[in-house]
Amino acid sequence: SAAAPIVLARRHDATIAPSVAPDLPTLGVMLPSSPLHHLLLHGFGGPVVCTSGNRAGAPIVLDEDTARAELSGIADVLLAHDRRIVRRLDDSVVQWVDGAPQVLRRGRGLAPSVLEVGLPLGTRLAVGGDLKNAFALSLGDRILLSAHRGNLEHARVFDAYVEDLASEPELHRIRPEAVVRDLHPDQLAHRHAATLGLPLVSVPHHAAHVAAVMAEHRLEGPLLGVAF
């Protein structure tokens, strides 16, 4: 597809070094997603092993100076550009289940995306949880899903999350009337929601999981939801 996400595929090529995704039965495979990727791969003449421009747990690096400081011990060469990176965006990750793609991480090419739920939701901002964070905006009967943000326990990931949380509604010209947050008082997203100056709605974590599945698949109760 045009999104060219990372697709988890069963490992079978013995030419891939065992140090790539060690001890895992799958590899993430993707097609070139930009003209630059096409040029690099055409010049190289074979597959390459890629990773995101960040250290483990940290947000993707945005500027060249930070890249030189943080990634010089990881990358042998840095390919820079004179266009400033404005927004971070991880690659999307999908897997193939029962003949259809299942999104595991929503990012480049797939975010933001719109989910129509057929229910009057009003205009709200849901700030998400602390682990594998993503937030959402509702407008009428539609939900706008953000890209994957990572784990907020990392200070720089949290700072980037706060910036995106402030800019995303402006980008889509949506003014939330309330904020929905996880009920757990120790979560960073829970605490940050209280600083936004809007009415608060707190939802139990696992109830939110079940409600999300109901919304995605247009399910109506009564039903039994099991969340781990």
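Residue numbers (my numbering): -2 to 225.
Using N, Cα and C, we set each Cβ at its ideal position, and we do this for glycine too.
Note that this is a predicted model, so its numbers are computed, not measured.
Check	Outcome
CA nearest to the CA of A1, picked from A152, S30, H206, V17	S30
Every unbroken beta strand (DSSP E) within the region 108 to 179, with a cutoff of 3 residues, ordered by chain	110 to 113, 120 to 123, 133 to 136, 139 to 142, 175 to 179
C-alpha gap between G42 and A77, whole angstroms	22 Å
For L24, the first and last residue of its enclosing beta strand (DSSP E)	23 to 26
Straight-line gap, V91 to A66 (C-alpha atoms, nearest Å)	32 Å
Residue closest to L180, alpha-carbon to alpha-carbon, out of H202, L168, P166	H202
Which listed residue (R80, L5, A11) has its alpha carbon closest to that of D60	R80
C-alpha gap between L5 and P22, whole angstroms	10 Å
C-alpha gap between A191 and L197, whole angstroms	7 Å
Beta-carbon spacing of A186, V124 below 7 Å	yes
Residues of its chain near R52, where Cβ-Cβ distance is below 8 Å and the 5 sequence neighbours each way are ignored	E67, L68, I71
Backbone CA spacing between L75 and I13 [nearest angstrom]	23 Å
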